[in-house]
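With the sequence shown counted from 1, adding 3 to any position gets you this note's numbering.
All C-beta atoms in this analysis are idealised placements derived from N, C-alpha and C, irrespective of residue type, glycine included.
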Amino acid sequence: MKQAFQFGKIVDRGNFINRKLEIERLHQNFLNRTHTILISPRRWGKSSLVKIAAEKFVSKHKNYRVCYIDLFEIRSEKEFYEKYSKVILGAVYTRFDDWVEGIKKFLSKITPKIRLDLQQEIKFDMALDIKKESEAVSEILNLPERLAEEKGIELIICLDEFQNIAELPESMAIQRLLRSVWQHHQHVTYCLYGSKQHMLAELFNKKSMPFFRFGDLFYLDKIHSGEWVKYICKQFSETGKEVSEVLAERIVETMDMHSYYVQQLSYYVWTHTEDVASDKIFETAIAQLLQSNTILFQKDFESLSRTQVNFLRMLLDGVTEGFTRGEILERYELGTSANVAKIIPQLEKKEILEIYNKKVSFSDPAFAHWLRQLFA
Ligand SMILES: Nc1ncnc2c1ncn2[C@@H]1O[C@H](COP(=O)(O)OP(=O)(O)O)[C@@H](O)[C@H]1O
Ligand SMILES: [Mg+2]
């Protein structure tokens with residue numbers, strides 16, 4: 004059965020809405036071999052967007068292949084190279100024998116450990132021989148270009164959670180190396196994306212950094228309220244239920260148009276609704292949503308200092324500017340104005356707040372809601 008609402012994973016096409024301009028922009032970049040850097044806070048929809056855009060693109064352009072590398076759990080340079088080779092080989096070759104051939108031909112400097120497991124899935128590790136390491140690394144990084152040339156295809160390589168590159172030991176050297184090799188590729192287009200805006204902005208916007216001006220950098224926006232409302236009403240009616248536009252708007256507004264949370268809250272409202280959604284059901288749903296996050300929120304809350312808490316309380320009271328006014332400092336016990344200037348970057352680093360269009364807001368609308376109840 005079709006799912007009415009989805010959250011916590013890359014959305015299927017049936018649950019994916021809008022993003023027309025963003026898809027078009029990605030397609031133009033793929034076509035023109037312009038690399039892309041896509042940034043937004045967590046769970047706004049980057050991974051889903053790239054996946055849908057790339058799938059649509061390769062279904063129209065048969066000479067393109069796409070591969071996805073998630074850097075989320077990559078802890079070392081070696082793990083990165085392993086995953087990089089594996090995913091690229093996998094995008095081009097489907098048969099085990101071809102893999103073996105491909106490795107022999109294009110990765111002569113590494114010692115691969117490659118086998119089929121019981122499910123006939125290809126498992127791949129490799130040993131880097133220290134003596135030949137730099138040659139091996141250069142082979143690996145050039146693998147997509149050489150494969151693409153050999154096969155007469157174009158490759159799109161998507162690197163998700165790219166900010167993790169900055170966490171690797173020797174990160175600067177790695178970044179310099181990646182950029183120096185990748186910039187010579189003629190048949191490979193990179194799409195780099197991730198969260199933690201301040202970290203990514205540093206990687207791509209700072210002149211001294213290797214990836215400075217690597218490609219088309221864009222910040223993903225939220226999906227507009229009207230689009231969400233249409234979607235929610237449609238999902239209800241297609242599954243034999245009903246929700247009013249007013250209530251759908253309330254869902255969207257409560258969750259501040261945050262993609263993940265709009266889907267999650269809609270889902271809870273939907274599960275509790277037999278025929279027609281009501282305000283009472285909405286209240287049950289929001290309680291359920293907050294409940295499911297309580298342990299997490301509690302932990303975040305406990306990590307805050309007193310002044311940080313006071314600052315958040317001030318934001319929830321609707322004060323959005325003039326934080327350093329004497330009266331505000333006093334009322335919310337924020338200390339000195341120099342102190343306040345430090346709070347915002349601290350809370351940004353903790354991913355509690357974000358600065359978007361020069362406005363300070365909560366990264367997590369459900370956390371804001373939870374705090375409001377706590378303070379009440
Ligand atoms: N275009 C979209 N249409 C509908 N829901 C979306 C869309 N993009 C994201 N979502 C919702 O947000 C959640 C998080 O999306 P995801 O792509 O994983 O975000 P990110 O990669 O930015 O963290 C998804 O599981 C889904 O519920
Ligand atoms: Mg993601």
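For Phe33, the shortest C-beta to heavy atom distance toward ligand 1 is 8 Å or greater. Annotation: Arg179 is outside any beta strand (DSSP E); the continuous alpha helix (DSSP H) that includes it extends over Ser174 to Trp185. By the neighbour-count criterion, in which a residue is buried when 16 or more other Cβ atoms sit within 10 angstroms of its Cβ, Pro172 is exposed.
In this structure, the CA atom of Lys112 is about 51 Å from the CA atom of His227.
Annotated three-state conformation of Thr192 is strand, per DSSP. At a cut-off of 8 Å, the beta-carbon of Trp47 counts as near ligand 1: some heavy atom of the ligand is closer than that. Of all alpha-carbon atoms in Trp47, Leu74, Glu286 and Thr257, the one lying nearest the alpha-carbon of Gln166 is that of Leu74. Along the length of the segment 43-119, whole alpha helix (DSSP H) runs at least 4 residues long occupy 49-63, 80-95 and 99-109, reported in chain order. Per DSSP, reduced to three states, the secondary structure at Ile160 is strand.
Here the segment 173-182 makes no contact with the segment 19-37; the two share fewer than three CB pairs at distances below 8 Å. Contact annotation: the segment 197-215 does not touch the segment 226-246, with fewer than three C-beta pairs closer than 8 Å.
The Cβ atoms of Phe221 and Leu41 sit closer than 9 Å to each other. C-alpha of Asp219 to C-alpha of Gly325: approximately 35 Å in a straight line. Distance from Ile13 to Ser51 at the Cβ level is roughly 5 Å; contact confirmed, criterion being Cβ atoms closer than 8 Å.
Beta-bridge partners of Phe365 (DSSP): Leu356. Taking 8 Å as the cut-off, one finds no heavy atom of ligand 2 near enough to the beta carbon of Asp278.
With respect to Ala344, Phe300 sits apart: the two C-beta atoms are not nearer than 9 Å. If you draw a 10 Å sphere on the C-beta of Arg334, you find fewer than 16 other C-beta atoms in it, and that means exposed.
In chain order, Pro368 place their CB closer than 6 Å to the CB of Asp259, counting only its own chain and leaving out the 5 sequence neighbours on each side. Under the criterion of beta carbons closer than 8 Å, Phe365 and Ile358 do not qualify as touching, at roughly 11 Å.
In the structure shown, the three-state DSSP call for Glu245 is strand. The shortest C-alpha to C-alpha distance from Val363 to any of Pro348, Trp373, Ala341 and Ala288 is the one to Pro348.
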